[in-house]
Structure formats: structure tokens, C-alpha cells
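Colleague:
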Amino acid sequence: MSPPPVGGQGQPDAGADADLATALGWAGELDDAERGPAVLEALAHWLTARCAEFDAAAALDSDLASSAGTWLVLSRAVAERVADGRSLEVLTRARRIADRLGHPDRAAAVYYDLAQGLVLAGRLDEALEVVESGLAQHDSWIYRPLLQLVEVQVARLQGRWEDGIAATDRLISGDSLYDERTLQNDSATAQQREIGVLHRRVRGMALGQRARLELELGRVDRAAAIAWEQLSLARSAQDPQLELDAQVALASCDFLGQDYQATLRAVDEIVASGLAQEGHAEVRWLRGMALGSIELQQADAEPRGAVLLEQALASGQLDQVAELDAEWMLAEIALGAGDAATARRWLDLARTRLAGWGQDRSRLGTRELRLLADEAELSCREGADEARLREIAAELEVGLETLLDSWSRVGVDAGGVGFLETEDRRALLGELVRVHARLDGERGLATAFEQVLRAQAMGSLARRGETAAGDLGQVRADLLGPGEGLLVYVVTEPTVHLLAIDAERIEHFELIGGGRLNPRCLALGADLQRRLPPGASPMAQGERLQGLTEASRSLGADLLPQAAWELVREWKAATVVGAEVLQGLQVEALGTPDGRLLGEALAVVVTPSLPLALEDARLRRSRSAAEEPREGAIDFALLAYLSPTDAVLELHPGLARVELDANRLLPLLAPYGEDACALLLDPPPTLDDLTRALDRAAVVQVLAHGVQDPFRERGSGLVLFGEGDELGLVWSEDLQQLPKQPRGLVLLTSCGTSVGPRRTGDDEPANLAGALLARGASGVLTTGSKLEYSLAQDLALEVHRHLAQGTSAAEALRAARATLGAGDRLRAFELAQVQLLGSPRSPLEGRPSRSPDPSWWLLVVTPAALLAAAVALALRRRTLGARTGADTGARA
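Going by my numbering, the sequence shown opens with residue 1, and the numbers climb by one from there.
1. Could you check which residue in A771, W285 and S273 has the C-alpha nearest to that of V307?
2. Does DSSP put V410 in a helix, a strand or coil?
3. Starting from the C-beta of A206, find all residues in its chain whose C-beta is less than 6 Å away, skip the five residues before and the five after it, and write them out in chain order.
4. Note down the Cα distance separating F509 from L499, rounded to an integer number of angstroms.
5. Any idea which residues DSSP pairs S716 with across the strands?
6. Can you give me the start and stop residues for the beta strand (DSSP E) that V576 sits inside?
7. Would you mind giving the Cβ-Cβ distance between G122 and G356, rounded to the nearest angstrom? I have them listed as a contact below 8 Å.
8. Whose C-beta lies closer than 6 Å to the C-beta of R200 among residues of the same chain, with five residues either side of it excluded?
9. Taking all protein chains shown into account, do 16 or more other C-beta atoms lie within 10 angstroms of the C-beta of P684, making it buried, or fewer, making it exposed?
10. Does the Cβ of E401 have 16 or more other Cβ atoms within 10 Å, making it buried, or fewer, making it exposed?
11. Does the count of Cβ pairs from the stretch 466-478 and the stretch 382-400 closer than 8 Å reach three?
12. In the DSSP assignment, find the beta strand (DSSP E) that holds V780 and state where it starts and stops.
13. If we count the other Cβ atoms within 10 Å of its Cβ and call it buried at 16 or more, is Q247 buried or exposed?
14. Could you tell me the alpha carbon to alpha carbon distance between L665 and T422, rounded to whole angstroms?
15. Let's see if you can read the secondary structure: which residues bound the beta strand (DSSP E) around A500?
16. For A449, name the three-state secondary structure that DSSP assigns.
17. Less than 7 Å between C-beta atoms, sequence neighbours within five positions excluded: which residues of the same chain meet that for P240?
18. Let's test the definition: count the other Cβ atoms within 10 Å of the Cβ of A56 and tell me whether it reaches 16, buried, or not, exposed.
19. Classify R388: buried if its beta carbon has 16 or more other beta carbons within 10 angstroms, exposed otherwise.
20. Measuring only the C-alpha atoms, how far is E126 from A136?
21. Excluding the 5 residues preceding and the 5 following V658 in the sequence, name in chain order all residues of the same chain whose CB lies nearer than 8 Å to its CB.
22. Could you name each continuous beta strand (DSSP E) segment of 3 residues or more that falls completely within the stretch 297-347, going from the start of the chain to the end?
23. May I have the straight-line CA-CA distance separating L773 from G838, to the nearest angstrom?
24. Taking the alpha-carbon positions, what's the R367 to G292 distance?
25. Compute the Euclidean distance between the alpha carbons of T783 and V119, then round it to the nearest angstrom.
26. Can you find the residues in the same chain that come closer than 7 Å, C-beta to C-beta, to L649, ignoring five residues on each side of it along the sequence?
27. Tell me whether I165 sits in a helix, a strand or coil according to DSSP, three-state version.
28. Under DSSP, the beta strand (DSSP E) around F636 begins and ends at which residues?
29. Hey, how far is the Cα of V488 from the Cα of G578?
30. Would DSSP call C677 helix, strand or coil?
31. Counting along the chain, where does the beta strand (DSSP E) carrying V568 start and finish?
32. A341: buried (16+ other C-beta within 10 angstroms of its C-beta) or exposed?
33. What would DSSP say about Q741, mapped onto helix, strand or coil?
34. Taking only the alpha-carbon atoms, compute the straight-line gap between D635 and G717 and give it to the nearest angstrom.
35. Taking the alpha-carbon positions, what's the A281 to Q317 distance?
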């Protein structure tokens, strides 16, 4: 049947036959006619008029039921290419006619297309009503899963991500879909095979929606796993559209993981594989989002991302979520360029779109948080008046309260995922700091700081221990002594906010964004890890020192600007929070205006969480007041083992056997006095020995090899002696399961003990140091770098000399750096890579009286006994460097 003739004005011939079958037949031709939107809109007008006539008819010929399926084609065409109120009117009438015709599949098809049209028009609640009505009235094997997909789509747009995930799970695992065996069954009918092919596609689409829902929740790893499953299904089905969908999801995972170069490579692979052309809307969108993010990190970058995003938007081929993301990124790019007018235009478009979706305010989404933070930043730049800023502050506070409440009802993630791990939450917190500072000065900053404390109290460790957030008064009373201060970094991509706090003042500094700092921090960190070959020329050493010094001073000027330094230089010690801004680089390596490194100028301790530091201070006070003398309590225990077995060397061939020199080890014990320390050297120490030392000693030093296992999430480990078939490798999970809590300071003089996946914003570092802090250690001296034996020995000698005099751990480390690095600036940079995590207080402060028990350690050393001890050790110790796997079970 030919489609109706179209006149010069785009109107169908009014004299065309108005018979229902004819109208339905014409509609059925639309899909092949490939008519433009103007013609489709004209047909919508014409068919609306015909619908009115059919509606008025007393009865309809049931033979026409077979033709009702053509409404599917009409409604899809109109919904996808017109999507306005008039097309929805046509779809509504189509549904009524299909219902009256009594053909369930055709009626369900119209319900599906009506719901899709409502989604495209942004009328999400109405779309959900249509879906629910269609699912209740029709049990079509073809369209029931499609209606469920619309349900998932609406849940995603409304911010009901868990509902959407539950819906996809029901769809993927339920009995509404045929499984793959249908397609492999030789006895299946043609119709069953056709439905099986459709259901396989629906399953793939459901996986795609599930991956996007996981991305909405910031669970990038889960999203990637699901996208890979979708990709496998798409390739087995030879479905290029599903494959493109999966590849876009995987590229989105790279983007949300902030690996923008990987995102660009993924887009290049999509184009190279022929799945999409360079001008495809999603290709432009993905490339534009990645380039825009890169350009935000580079002040002088060419704005290519904005051009691509505007082209993608103009195509009209993006889904609504992608359009919203593009509008948000265009606002961000304009903000970064200082173009407030353009930023305002895009931001208003995005917020209007989001408001129209009716998102659930009890579960604020990533996009809403980002737009809320951008609104606050832009309003501050526009010079909004006080009334407007207070409105924004109230909105930000409601957002924070909502997020804290919802997060408190989520189970604690054993993987260490914290409340502040995602950029959107940090951005909201940063804007709270900015707005409160603008409104109320120091009083406003005190309010903002206490909101930071509340956010930190949602960290993994704090929640497991039900740790209270605390307030500014408690922080000053319990953590800041005379001449001590606090540096709190609230890290966001566009701006890093620094709060400098001491006993009398609290000041706010706006620094350049984390996005621009990241590459420079990573570059300096890599340079610090690099070592010159032995015998390097003075010229090579000079060039290396110059490069490190310039990079360190440049970063220091950005992270501790002159105005902040004028306050900080009056301090003798600083506790630093939010040091993840440095991307694994130690804050102690930053240069200061007076030419020193920060770790030489100040006694620095890095704490992952102020609420945890407050709790540690409370526990120390209660122990000091109530604890009775404990049997075996001592000041210092040294565990030394640098002779790994053959079995360990086979797994970690880069290790070297070192024959320990007792004459060099004994001076480490000398500062602590009579009956105060223990040396565990021969027989070599085991995990059990480490457990007892951590329980009984105020200071424990482990001098052992550090190893890395890339197949473990927390891959840093220690090499101790293993009994029987055990290798003696000690991992984070071993320390997490210690039967007793560590009591004081732990010195991990081993390579790479702070290496692990970055948990930005969380309070549980995913490494050996983090495991010890989680079990109760007051502080851990650690490093993410290689640590030469001679450097470790010299550093430990200086640190113990100060600790034994009652000096705080942070000051002992600062003094050691200053002494050892004074005449060798390259060495000063190496020393800056050793960091103190945890509490700034002295581990020997308030120590209960001791009652040594020599049954568990080899030797008690006093200054008067050094010579005799050295002779005894020389006679009794084995040649550990010659130990092999065959004698690992031997014990003296």
C-alpha cells in the first residue's frame, strides 16, 4: 500500500480514504519511506484527525486487528523523530485503539512506544505509569522485557539507581527472557528463534543499562565487568549496535576513573573498528568529554573539547543523560576559562533539564552534586549578594545532610571505599568551605571545618569504630599543642581549598585545582623514585638536584602559597589532612620559601582522618589513666631479618641477602636504657614475634625486605622468617587479623610499605601502614619508595636518639632529616620520602611502668652491656646470609 500523498505544504491529501485499515497501512509504510521530521509531523496531524473519526465509530472490525501492529511503526517514528506533545497525543489514541482491537502484542507495542515518547519528552512519571499499566495488562513475550527496560531507564533518570539495578537483575535473571539454549535448539520454531534473538538483544541492552547504573553510583570496577559481559554477548551475537554500546560504556569507565588518555584511546579503537564514524554523536561526545577534562588541567590548552560537545549536542542524537553531561562539561570548561556568561548559559540549561526529571531528592546523584557545586562557584564569581549566597549555602547544607544520611545507611565496604572518594562529594564540600568563608569569615570557616569533620567521620575505619566527628574546639584541645598547626586540604578538580588552623586562627586559601596539580605531582614523584647509577658524575648529580629543587619549589608555592607560609612558618609542627592531593608524593618533599623542604622545616605528621586522630588521643588518655603495669612492657623492640629463603627469592628475585652486622644494630637500642628494649635477630623473627612486639613495645622497628604482589589488592608485604612450609611473607590482611592491638609507634624501615591502591578521601590507606593504623598503632613511619639499607640505618639511629629523650615522633623524624640532609641535598630528597602516618604525639608519653619478661626475646641490652652483647651475638648467631630453603624450619 502506498503512503498518503503529501502536498506542497507537507499536509496529507485530505481526500484520502479514511478507512481504518488504510490509515494503519499507510502508517506501516513510514519505516521504509524514510520521511523527514516535517512529513512525519504532518502525518501525525492527519492521523490524529483520523483517530478522532475511528474513536467515534460504534464498532471496529475485528479483522483489522492484524493491521494494528502498524501503529508500532508509526509511534516509534513519531516518538523518535518528533517527540512533542502532538506525537504523544497520537500515541495515546493509538493505545486506545489497540486496546479496543483486543490484540495483546500490538497493544503492548503501543504501550512501549508511548512510554518511550513520554521519556523523550521528559514526562518521566507519566512514562512510568504507562509502563506499569502495560505490564499489568499485557504479558507479551516480545514487549514485556522492552517495557521493563523503559522502567530501568526512568529509574536511572530519576536517580533511583538501586531500583534500576533491581529491575535489571529481574530482567536478566528472571524467566521473562529466553536463554541462549533457545537459539541452539534444533526443534525450536521460527517464532521462538525470532523471539530468542530479540531477547538476547534485550539482555544485552539490560547489561548496558546496568553498567551505566553502576557508573552513576561511582562503582567503576563493577561497571567495567558488566560492560565486558555485554561486549562478549554482543560479539557472540554479531550485533554491532550492542558492541558499540558496550565499548562506549567501557570508555565511560575510563573517563570516570579520570584516565582521560585511556578514554581517547578507547574512542580511537571504536572508530578504527568501524563500529562508528568520527562524526558519530557518541564518538564526539566521548572525545569531547575527555578532551574537556584534559583542557581543564592545562591552562593554555586549545578548547577542542567544547567544539566537539557542541557538535554532539547539535546532532540531536545523544540520549538525555549524555546531553546533560555535555552541558555540564561545557559549563565546567567555561568556568575554567573565566567565561562566566557562557558558564551560566550551560549551567542553567543543565539544571533546568535535571529539574524536569523529578530526581529523588533523598538520593542526590553525581550530576546534581556537580551542578550544585558549579552553581555555588559561579555565583561566587558573579559576585552574588549575601541573600543569594545564603540560599546557596542552605542548598549545599541540605545536600550534605542528605548524602551523609544516605551513606550512613550503606554497609561499610571492606574494600575501603569512603564517603569522600568521589569528586562530586568533595566538590560539594569544597563549595561549602568557599561560601561559608565569603559569608561569615572565621566563624563561617569554623562551621565549614566541622562539616569536613562530619564527612571524614564517614570513612571506613571511623564508621567501623562508630567514631564521633568532633568539633574545632576538640581538635584544638586534643591535637594542637603550643606552636602546632593543622593543614586541611579539601581536594577538588577545579580548586583545592586549604584550611590553616592553629590555636587562635583559622584561614582559608583557594589553590589551583587538583586536575592541574596531578600531572606535576606524579612527575616529581617519579623523579624522586629514580636513582642515579653508582659513580654518577658531579654534573649528573647537579642536574638531578636542580630538577628536583625546581619542581619541589614550584609545587610548594602552589600548595603552600606565600600568604599561607607566613602563618605556617610560625609553627614548629603541622598535622596534614588530605595529602592525597599529591598523588602518592610525600608532602614533606614540598619546597618552602626559605629553601628547606617542608619535612625539614616542620615536624610533619600525615593523618588520614581527624576524627580518628581525636579518638586515638582519647584512648591514649584513658590508657594512661587506667592501665596497670603490664608484664613484658618495654620501650623498644627491633626485629631484623634481611636474608630471605630461596623460596622467597624465587618469587621475588630482586631481593638481596644481607648479612646483618650486630655492631651496627646494637646502637639502635642504646638510647633506651636498662631493661628497656629487645633485639630479635637470631633465631630470625617470625610473624608471632612481630605480634608480641607490637603488643608490648612502645616503639617497634622492623628492618626487613619489603615486597610487592601485583595480584593482591593491598599488595605491599614484609619478608620475615617462615616456619615449616610457610614463606614468612606478611601482608596487610595478616596485620589486620592480629590477635592484639599495637600499642605505639611502628617504624617500617622496608621498601614500599605505603604502596597500595589510592583511596582518595578515605581514612584507611590500603597498605601495610594503613593496616597497622587500623589495628590501633599510634603512628607508622613508612615509605612508598625503595629504601637503601645504609639510609634506613642512619635515619633510624637519629630517630631513636630523639625518641628516647621523649621527643614526639614527628619532631624526631624532622630532626633526623635536618641532620642527615644538611650536607647532601640529594639525600634530603630521599629522606623526604619517609613519612609519618597517624598521631603527632610521642609514643613514650605517659607510658605505664614496665615489667620486662625476657622469655620472648633474645637479648636485653643496656649501655653497659653493649660489648658483651656483641660478643654473645657473634658467638650465637647463625650466618643468615647462607640460610637456604632446607633449613627454614630450624630454630635456635
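Every residue gets a Cβ at the ideal spot worked out from N, C-alpha and C, and that includes glycine.
Everything numeric in this text was worked out from a predicted model, so none of it was measured.
Modeller: In short, the structure shows the following:
1. W285
2. coil
3. T168, L171 and I172
4. 7 Å
5. Q708
6. A573 to V577
7. 5 Å
8. A237
9. buried
10. exposed
11. no
12. G779 to T783
13. buried
14. 45 Å
15. T495 to I501
16. Rather than Ala, the amino acid found at residue 449 in this sequence is Phe. Of the three classes helix, strand and coil, the one that applies to F449 here is helix, per DSSP.
17. L275
18. Because A56 carries a pLDDT of 43, less than 50, the predicted location of this residue cannot be relied on, and the following value inherits that uncertainty. Exposed, by the Cβ-count rule.
19. exposed
20. 15 Å
21. L642, S643, Y789 and G881
22. none
23. 7 Å
24. 16 Å
25. 53 Å
26. L655
27. helix
28. I634 to Y641
29. 6 Å
30. strand
31. Note, V568: premise wrong, no beta strand (DSSP E); alpha helix (DSSP H) at Q562 to V568.
32. exposed
33. coil
34. 25 Å
35. 6 Å
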